[in-house]
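Shown next, in structure tokens, is the structure this report addresses.
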């Protein structure tokens, strides 16, 4: 009975590869949720492990299915990363971009050295690079490049299988290594208390530390006060003291609302509503009076909207220099996939998305035109235009079909590289024309996650039978190389960032996590810091590495192929 059931399940999976792919996704994301301390493999690596195990049943997956998943992923990767990639092509971005250069050069050199010494095939070399650098997209671009090699079909399938097997082994080792060294070992090398350094940086940017010494995350809140010590002061004098951190929104006197004007003098017993950052509210009671427990009579509406920063005068300027109408505040700053703290000292960048809270009396009717000077308002809800994805994939496929020979070695961006480049350009253009009907962020996130996981599952299923053979061939060599290729570039960046660039430790460690596109490492560093200051270094290097590293897939395949015996 059991044998019959196993035979029926195996037959179903072999004849319906789509079922096998989504089964691998189901089990893979379950595996990826398992957490051991700060280590969590994530859904993609979990899916690969599940696919390799299910693939032992000899489940063939057509290349066309895998390519559809991959093209959706690589388009979403380029489209979502385009605005920040081009925005970081400035003096500050290029300064931190040196970490990405170190990552690419060091990883390439180490992988090529291992390829020559150990006679690695192009698939194993590319998979080792993808795993040790913890950049899953390299698997796709390298696999696509291998499909273009002038080799028999069975050899192409073998090499593509070696990509995912080597990736799965070295990814686990590289991930664990980079999390531990960045959050635990590097602070010891620098001889710093990471939490203290992060608190210093937070305060220097205008943040506040609460009474327990833990950084208070800035959030826009409203507080009501009964005027006592602030009697006799004008609204304008109080606003000058508050700056952009807080604003007086409403004043009531004997139960009636008083017209708000700069010259209005507050009287004892007046009820005042103040809206601003939570951290800035700590000392306001000393300026005005005691806080009111019941604010029902002073409640006001709150408008929220998002603005894409496009004003050149605000690029690389601190948030405190942004002139906003009274009652209007930046609640958070979205840069790529990261949400930065909206502290007065946070430097703004082109194409940042500012999350605006508007409690001004006129609401969006009066403040929106003024905000239009600094950028463009994003529509609240905009259905996705998937035609943009179709155009990008079609043009990228054509672009990737061109081949360039350098020193007799043919190089091609391939379908993956072509779609990535076109996606970058279209994403950048959309950031400038935020009003256009395009692909929204939620849809991009789904395309990226489903595309990569589906592609990884398809390749893992096809490669299952030969995975054990590669592991037996190299034994512990691949894990050791994975650790070395993760540690050496990170260590070089640590030395350059500390001794040459003189970066603050939280920013430096965040930049190192970004150069490896390692979100788990960033999370571990933030936990050690106690606040989100590592994001200041992470966002720039992540935006650049997330684009450059996938383009290294075809390059490593081409170079490794040239080392093979004729």
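Numbering (my numbering), first residue to last: 1 to 566.
We put the CB at the ideal spot given by N, CA and C, even for glycine.
By a C-beta neighbour count over all protein chains shown, 10 Å radius and 16 as the cutoff for buried, is residue i buried or exposed?
i: residue 250; result: buried
i: residue 527; result: exposed
i: residue 119; result: exposed
i: residue 390; result: exposed
i: residue 223; result: buried
i: residue 207; result: buried
i: residue 257; result: exposed
i: residue 85; result: buried
i: residue 476; result: exposed
i: residue 11; result: exposed
i: residue 178; result: buried
i: residue 135; result: buried
i: residue 398; result: exposed
i: residue 430; result: buried
i: residue 235; result: buried
i: residue 394; result: exposed
i: residue 533; result: buried
i: residue 265; result: exposed
i: residue 351; result: buried
i: residue 423; result: buried
i: residue 93; result: buried
i: residue 271; result: buried
How many angstroms separate the CA atom of residue i from the CA atom of residue j?
i: residue 440; j: residue 383; result: 7 angstroms
i: residue 330; j: residue 298; result: 22 angstroms
i: residue 550; j: residue 138; result: 4 angstroms
i: residue 474; j: residue 560; result: 17 angstroms
i: residue 261; j: residue 323; result: 18 angstroms
i: residue 231; j: residue 347; result: 36 angstroms
i: residue 77; j: residue 456; result: 15 angstroms
i: residue 169; j: residue 482; result: 8 angstroms
i: residue 311; j: residue 15; result: 56 angstroms
i: residue 87; j: residue 375; result: 14 angstroms
i: residue 504; j: residue 102; result: 19 angstroms
i: residue 414; j: residue 152; result: 19 angstroms
i: residue 190; j: residue 171; result: 26 angstroms
i: residue 9; j: residue 184; result: 46 angstroms
i: residue 491; j: residue 57; result: 42 angstroms
i: residue 521; j: residue 317; result: 28 angstroms
i: residue 213; j: residue 204; result: Low confidence applies to residue 213: its pLDDT is 41, below 50, so where it sits in the model is not reliable enough to give any reading.
i: residue 448; j: residue 124; result: 25 angstroms
i: residue 130; j: residue 111; result: 10 angstroms
i: residue 180; j: residue 116; result: 30 angstroms
i: residue 80; j: residue 53; result: 32 angstroms
i: residue 3; j: residue 23; result: 20 angstroms
Find the nearest neighbour of residue i within the set the options, judged by alpha-carbon distance.
i: residue 325; options: 2, 130, 360; result: 360
i: residue 242; options: 283, 310, 77, 195; result: 283
i: residue 319; options: 502, 328, 303, 345; result: 345
i: residue 220; options: 71, 355, 41; result: 355
i: residue 542; options: 564, 150, 511; result: 511
i: residue 127; options: 100, 7, 90, 174; result: 174
i: residue 328; options: 197, 315, 188, 307; result: 307
i: residue 401; options: 424, 554, 533; result: 554
i: residue 51; options: 67, 80, 463, 124; result: 463
i: residue 416; options: 72, 273, 6; result: 72
i: residue 47; options: 40, 64, 33, 29; result: 29
May I ask you to check if the CB of residue i is nearer than 7 angstroms to at least one heavy atom of the ligand ATP?
i: residue 93; result: The model on display carries no ligand, and the ligand ATP is accordingly not part of it.
Mind reading off the beta-carbon distance from residue i to residue j? Whole number of angstroms is fine, and I expect it under 8 angstroms.
i: residue 537; j: residue 508; result: 6 angstroms
i: residue 454; j: residue 21; result: 6 angstroms
Original post:
Residue ranges of each alpha helix (DSSP H) run of no fewer than 4 residues wholly in the stretch 17-85, ordered along the chain?
Top reply: Listed in chain order, they are 17-32, 42-54.
**OP:** Give, in chain order, every unbroken run of the beta strand (DSSP E) that is at least 3 residues long and sits entirely within the stretch 388-453.
**Re:** Those beta strand (DSSP E) runs which fall completely within the stretch 388-453 and span 3+ residues are 404-406, 409-411.
**OP:** Could you pull out every unbroken beta strand (DSSP E) segment of at least 3 residues lying fully inside the stretch 273-344, listed in chain order?
**Re:** As summarised for the stretch 273-344, the continuous beta strand (DSSP E) elements at least 3 residues long and confined to that stretch are 303-309, 328-335, 338-340, given in chain order.
**OP:** Could you pull out every unbroken alpha helix (DSSP H) segment of at least 4 residues lying fully inside the stretch 118-173, listed in chain order?
**Re:** DSSP runs (the alpha helix (DSSP H)) wholly in the stretch 118-173: 122-132, 137-146.
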